[in-house]
Amino acid sequence: MAAAELAGLFAVYKPAGVAWGRVREAVETRLLRELNAAPAAAPRQRVRFLPTPAPGGGGAVELVAARVPVLADHPLVRGPRFRKLKIGAGHRLDVKASGVFVLGIGHGNKLLTDLYNCHLTKVYTVGGLFGKATDDFSDTGNLIEKTTFDHITREKLERILAVIQGTNQKALLMYSNIDMKTQEAYELAVKGLIRPMGKSPPIITAIRCLQFALPEFQLEIHCLHETQQYLRKMVHEIGLELKSSAVCTQVRRIRDGVFTVDDALPRTQWNLQSIQEAIRNCQLRVETELEKTLAHGEGQESSSSAGWGQLGMLGRNVHEQSLQYSTAATCQQCDGQQKERG
Amino acid sequence: MMAVWARPVSRWGCLLSAARAAELPRRLRSGGRPARACRQLARAAALPAGKEIVPGRLPACRRLSVGSRSPPDGAKDGSFSSPESNLPSVQQGQAKPEILPDLNAKILDEDWDDIPPSSALEVISEEEAVQIIAEPLLPIQSSTLREYVDHSETLTKLVHLGVDLSQVEKRQKAGQLLLTLDFEKDVKKKLLFLKDVGVEDNQLGPFLTKNPYILGEDLEALETRVAYLKSKKFGKSEIAQMVSRAPYLLLFSVERLDNRLGFFKNELGLSVKKTKDLVIRLPRLLTGKIEPVKENLQVFNSKLLRIRERHMFLAFLGRAQYDPAQPSYISLDQLVSLPDEVFCTEIAKASMQDFENFLKTL
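The listed protein sequences correspond, in order, to chains V and E. In terms of the working numbering, the first sequence opens at residue 8 and continues consecutively. In terms of the working numbering, the second sequence opens at residue 432 and continues consecutively.
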């Protein structure tokens, strides 16, 4: 059954101006249409005795055996074979934003939760415009004030960005619950793998300026646990810091964890074949990323003093993932490390 | 959406064995007489007995005529609908309907205890055994029409016409209605009427899928409504068009139609001719709610998105030329209605891949 084989994660490119729910429904409708269009099995046959006029004539009838199809299997009676598909959505995008939007089908929905628990960073290109301030921080809101912006230079902007990155770095270290004085923490920091593995307010891990042409500018932002409105507010605050004002013209997600813009399917390719191909292409990457993150998650947690509470959650994930690491092995590992330090 | 089925009672079976006549499908509602609902496979000649295995408490099996079933005591409750009444009367052979009612009357008078029940274990001859047809019983109630379609003439003919029964069974009471109709008496006349009005043959299926209730309407009422529309100076082809596009139109009574037309004339301030034009092109305005504009808005939005993308692509390429005077003019019609591949290669002179890459930068 084609629908049962269709399971996994893939990314679509959500266009701006539509809600994410509609995108999900549109994908579901298209897939259902293609699945139902596939030729159905032939209807069952049944032997019935149909009366036909006897050859002798004169009104006598005799029964003749005939094979007739069973009408209960007729497509007009049975209806479409597939009526619904379980499609789940990953990190959402609001109406005005566009970009990579991860969807899961069938068993892939379970991987969605695991991906969420990996807390991987997302990368956005955010476009801004100096000189205006609106109530919802975007260029379609009600205008609040207009300012001059001639005094702004690229250097000043980058200075502000560095300040933002610095404050966010502090928040990052605080929320990732790592004891800074350990060797593990240093190694992770060198590799750049320190992340908050639980709930936290939005954190920006990296921010830089891609283009600067007054009054427009474009930033690339790597962030965690964010919302698109938070990014727009950030643009507004950058404007305020530069003693001017700014509105956000575009929020576009170019990367969500392991899915990049190249993997995302544009609207013209939302069909069964492309989606199957996309699932196959991304499968290996998703699996490796999940294993890597959860393995590091255990190592990270075991080294922190207050990490035992979170270990339970990770243990559950390990069970669900049914990775090679068994709980016995991890416990031994943890015990070993405890003994080393103690 | 249930079809109530008559639970067969085995006692009647042995009484039927005396009948041995050709069975005909009978409507159960006829006068409260216990009608004999039967399968269609009856022979004219000496009918062999078939065995019907009755599950449950009743101990005996009866010798029945081939595939016949008997309803419960009609005297007790004579009014229930049964899908059997629409069994395809494939054999149009000799009918001896008079025998059955007489037998029924006689049977009612007899005392049931006089009849010795025959056991399921008694020995029968080979020929009789071969002639037993024991098919599973039709369910008493069901939420789909699948189980009944093979046994009901109306349903079979409707499926051959193209009616989508899986949609019909989802509507309120539509399935029940279809099962209780008799093809020869009611449905045929209405179909001929619809053809008269001007609905095409291949449109009958989709029409009935959207509006199965029309088969339950009174024929005179339908004709009155068409006459009303004609009196309002709608031509025959126009009426045909309206009815095809808005299947519910003929379900509205004359007053309701009048009110709605009046609403369009008065509230929207359109002249008579304009109202007529509008109604002919969009008869669903009459049948829908009075805010049908919202539906149009949604369609508009999705098209708007497509148009916006295409326009931005053209602007990016520098080909957005909408002034007819200039060369390489692109008409709005082309912008909107062409399929994607044609648009890319002809109008934008770029490949599909370029268009997709551009889409991903928006």
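Each residue gets a CB set at the ideal place from its N, CA and C atoms; glycine is no exception.
Inset, instruction - Measure the CB-CB distance between V/Glu32 and V/Asn278 and report whether it falls below 8 angstroms. - result: Here residue 32 of chain V corresponds to residue number 25 of the first sequence, with the count starting at 1. Here residue 278 of chain V corresponds to residue number 271 of the first sequence, with the count starting at 1. No, the pair does not count as a contact, with Cβ atoms beyond the cut-off.
Legend entry - Cβ neighbour criterion (16 or more within 10 Å) applied to V/Arg202: Mapped onto the first sequence, residue 202 of chain V falls at position 195. So V/Arg202 ends up on the buried side.
Legend entry - Candidates V/Pro87, V/Leu195 and V/Cys216: closest to V/Thr3 by CA position: Since the displayed chain V opens at 8 and closes at 349, residue 3 of chain V lies outside it and no answer follows.
Legend entry - the region 620 to 627 of chain E touching the region 107 to 116 of chain V, judged by at least three CB pairs closer than 8 angstroms: Touching, no, given that fewer than three Cβ pairs across the two stretches are closer than 8 angstroms.
Legend entry - For V/Arg260, the residue or residues it bridges with in DSSP: The count along the first sequence starts at 1 and reaches residue 260 of chain V at position 253. Per DSSP, the beta bridge partners of V/Arg260 are V/Gly106 and V/Tyr131.
Inset, instruction - Specify whether the region 587 to 607 of chain E and the region 75 to 92 of chain V touch according to this definition: at least 3 beta carbon pairs, one from each stretch, less than 8 angstroms apart. - result: A contact exists between the region 587 to 607 of chain E and the region 75 to 92 of chain V.
Legend entry - Check whether V/Leu217 and V/Glu227 have beta carbons under 8 angstroms apart: Taking the first sequence and counting its residues from 1, the one referred to as residue 217 of chain V is at position 210. Taking the first sequence and counting its residues from 1, the one referred to as residue 227 of chain V is at position 220. A contact, by the Cβ cut-off of 8 angstroms.
Inset, instruction - Establish whether the CB of E/Arg577 and some CB of chain V are separated by less than 8 angstroms. - result: In the second sequence, residue 577 of chain E corresponds to position 146, counting from 1. Chain V contact via Cβ: present.
Legend entry - V/Pro82 - DSSP class collapsed to helix/strand/coil: As a first step, residue 82 of chain V must be located in the first sequence, where it is residue number 75. Three-state result, V/Pro82: helix.
Inset, instruction - Compute the distance between the beta-carbons of E/Val703 and E/Ile670, then report whether it is under 8 angstroms. - result: The residue labelled residue 703 of chain E in the question sits at position 272 within the second sequence. The residue labelled residue 670 of chain E in the question sits at position 239 within the second sequence. Not a contact, by the Cβ cut-off of 8 angstroms.
Legend entry - Distance, E/Leu639 Cα to V/Arg53 Cα: Numbered from its first residue, the first sequence carries residue 53 of chain V at position 46. Numbered from its first residue, the second sequence carries residue 639 of chain E at position 208. Rounded to whole angstroms, V/Arg53 to E/Leu639 spans 28 angstroms at the Cα level.
Inset, instruction - Consult DSSP for E/Pro503 and reduce its assignment to one of helix, strand or coil. - result: Looking up residue 503 of chain E in the second sequence gives position 72. Here the model assigns E/Pro503 a pLDDT of 36, short of 50, so the residue's position is not dependable and the matter cannot be decided.
Inset, instruction - Give the DSSP-derived three-state secondary structure of E/Thr640 in the structure shown. - result: Translated into the one-based positions of the second sequence, residue 640 of chain E becomes position 209. E/Thr640 falls in the helix class under three-state DSSP.
Legend entry - C-beta contact flag for V/Lys129 and V/His98 at 8 angstroms: The residue given as residue 129 of chain V occupies position 122 in the first sequence. The residue given as residue 98 of chain V occupies position 91 in the first sequence. Yes, Cβ-Cβ distance for V/Lys129 and V/His98 is below 8 angstroms.
Legend entry - 8 angstroms CB neighbourhood of V/Val71 in its chain, flanking five on each side removed: As a first step, residue 71 of chain V must be located in the first sequence, where it is residue number 64. Only Phe56, Leu57, Pro58 and Thr59 meet the Cβ criterion.
Inset, instruction - May I have the straight-line CA-CA distance separating V/Leu127 from V/Lys299, to the nearest angstrom? - result: By one-based count along the first sequence, residue 127 of chain V stands at place 120. By one-based count along the first sequence, residue 299 of chain V stands at place 292. V/Leu127 and V/Lys299: Cα-Cα distance of roughly 12 angstroms.
Inset, instruction - Helix, strand or coil for E/Pro514, going by three-state DSSP, please let me know. - result: As a first step, residue 514 of chain E is located in the second sequence; it is residue number 83 there, counting from the start. For E/Pro514, the pLDDT reaches just 39, beneath the cut-off of 50, and the residue's location in the model is therefore unreliable, leaving the point undetermined.
Inset, instruction - Keeping to the same chain, check which residues put their C-beta closer than 8 angstroms to that of E/His742; ignore five residues upstream and five downstream. - result: Here residue 742 of chain E corresponds to residue number 311 of the second sequence, with the count starting at 1. These residues qualify, in order along the chain: Ala751 and Leu766.
Inset, instruction - Could you tell me the distance, in whole angstroms, from the CA atom of V/Ala104 to the CA atom of E/Leu682? - result: Against the first sequence, residue 104 of chain V aligns to sequence position 97. Against the second sequence, residue 682 of chain E aligns to sequence position 251. Each residue's Cα considered, the two are about 47 angstroms apart.
Inset, instruction - Could you tell me whether any non-hydrogen atom of the ligand ZN is closer than 7 angstroms to the CB of V/Leu150? - result: No copy of the ligand ZN occurs in the structure displayed, which carries no ligand at all.
Inset, instruction - Flag V/His98 as yes if its beta-carbon sits less than 8 angstroms from any beta-carbon of chain E, otherwise no. - result: As a first step, residue 98 of chain V is located in the first sequence; it is residue number 91 there, counting from the start. For V/His98, the answer is no, since every Cβ of chain E falls outside 8 angstroms of its Cβ.
Inset, instruction - Specify, as a first and last residue, the run of the beta strand (DSSP E) that V/Ile210 falls within. - result: Here residue 210 of chain V refers to the residue found at position 203 when the first sequence is read from its first residue. Where V/Ile210 is concerned, the enclosing beta strand (DSSP E) stretches over Ile210 to Ala220.
Legend entry - CA-to-CA distance, E/Arg739 to E/Phe774, given in whole angstroms: For this step, residue 774 of chain E is matched to residue 343 along the second sequence. For this step, residue 739 of chain E is matched to residue 308 along the second sequence. Cα to Cα, E/Phe774 sits roughly 14 angstroms from E/Arg739.
Inset, instruction - Note down the Cα distance separating E/Asp754 from E/Phe747, rounded to an integer number of angstroms. - result: Your numbering for residue 754 of chain E matches position 323 in the second sequence. Your numbering for residue 747 of chain E matches position 316 in the second sequence. Using only the alpha carbons, I get a separation of about 17 angstroms.
Legend entry - Per DSSP, cross-strand counterpart(s) of V/Thr59: Taking the first sequence and counting its residues from 1, the one referred to as residue 59 of chain V is at position 52. Paired residue(s): V/Glu69.
Inset, instruction - Tell me where the beta strand (DSSP E) around V/Cys125 begins and ends. - result: The residue labelled residue 125 of chain V in the question sits at position 118 within the first sequence. First-last for V/Cys125: Gly115 to Cys125, but that is the alpha helix (DSSP H), not the beta strand (DSSP E).
Inset, instruction - Closer than 8 angstroms, Cβ to Cβ, to anything on chain E: give me those residues from the region 265 to 293 of chain V, in chain order. - result: Val268, Ala271, Pro273, Arg274, Thr275 and Gln276
Legend entry - Supposed contact pair E/Pro714 and E/Arg676 - C-beta distance, whole angstroms, cut 8 angstroms: Working through the second sequence from its first residue, we reach residue 676 of chain E at position 245. Working through the second sequence from its first residue, we reach residue 714 of chain E at position 283. That pair is a contact at about 5 angstroms.
Legend entry - Contact the region 599 to 617 of chain E vs the region 548 to 568 of chain E: 3+ CB pairs below 8 angstroms: no
Inset, instruction - Taking V/Pro22 as the query, report the chain E residues whose CB atoms sit under 8 angstroms from its CB, ordered along the chain. - result: Counting from one through the first sequence, the residue named residue 22 of chain V turns up at place 15. The answer, in chain order, is Leu736, Glu740, Leu790 and Leu793.
Legend entry - Coil, strand or helix - V/Lys375 by DSSP: Nothing about residue 375 of chain V can be read from this structure; chain V reaches only from 8 to 349.
Inset, instruction - Look at V/Ala213 and V/His229 and say whether their C-beta atoms are less than 8 angstroms apart. - result: Along the first sequence, read from residue 1 onward, the residue named residue 213 of chain V stands at position 206. Along the first sequence, read from residue 1 onward, the residue named residue 229 of chain V stands at position 222. A contact, by the Cβ cut-off of 8 angstroms.
Legend entry - V/Gly86 at chain E interface by Cβ criterion, 8 angstroms: Within the first sequence, numbered from 1, the residue matching residue 86 of chain V stands at position 79. Answer yes: the Cβ-Cβ gap between V/Gly86 and chain E drops below 8 angstroms somewhere.
Inset, instruction - Starting from E/Val685, find everything on chain V with Cβ-Cβ shorter than 9 angstroms and list it in chain order. - result: Numbered from 1 along the second sequence, position 254 holds the residue referred to as residue 685 of chain E. Ordered by position in chain V, no residue passes the 9 angstroms Cβ test against E/Val685, which lies about 33 angstroms from the chain.
Inset, instruction - Rounded to whole angstroms, what's the CA-CA distance from V/Pro50 to V/Ala79? Just pull it up for me. - result: Translated into positions along the first sequence, residue 50 of chain V becomes position 43. Translated into positions along the first sequence, residue 79 of chain V becomes position 72. If you take the alpha carbons of V/Pro50 and V/Ala79, they lie about 8 angstroms apart.
Inset, instruction - Tell me, please, whether the CB atom of E/Val773 is closer than 8 angstroms to any CB atom in chain V? - result: As a position in the second sequence, residue 773 of chain E is number 342, starting the count at 1. Residue contact with chain V for E/Val773: absent (no Cβ-Cβ distance below 8 angstroms to any residue of chain V).
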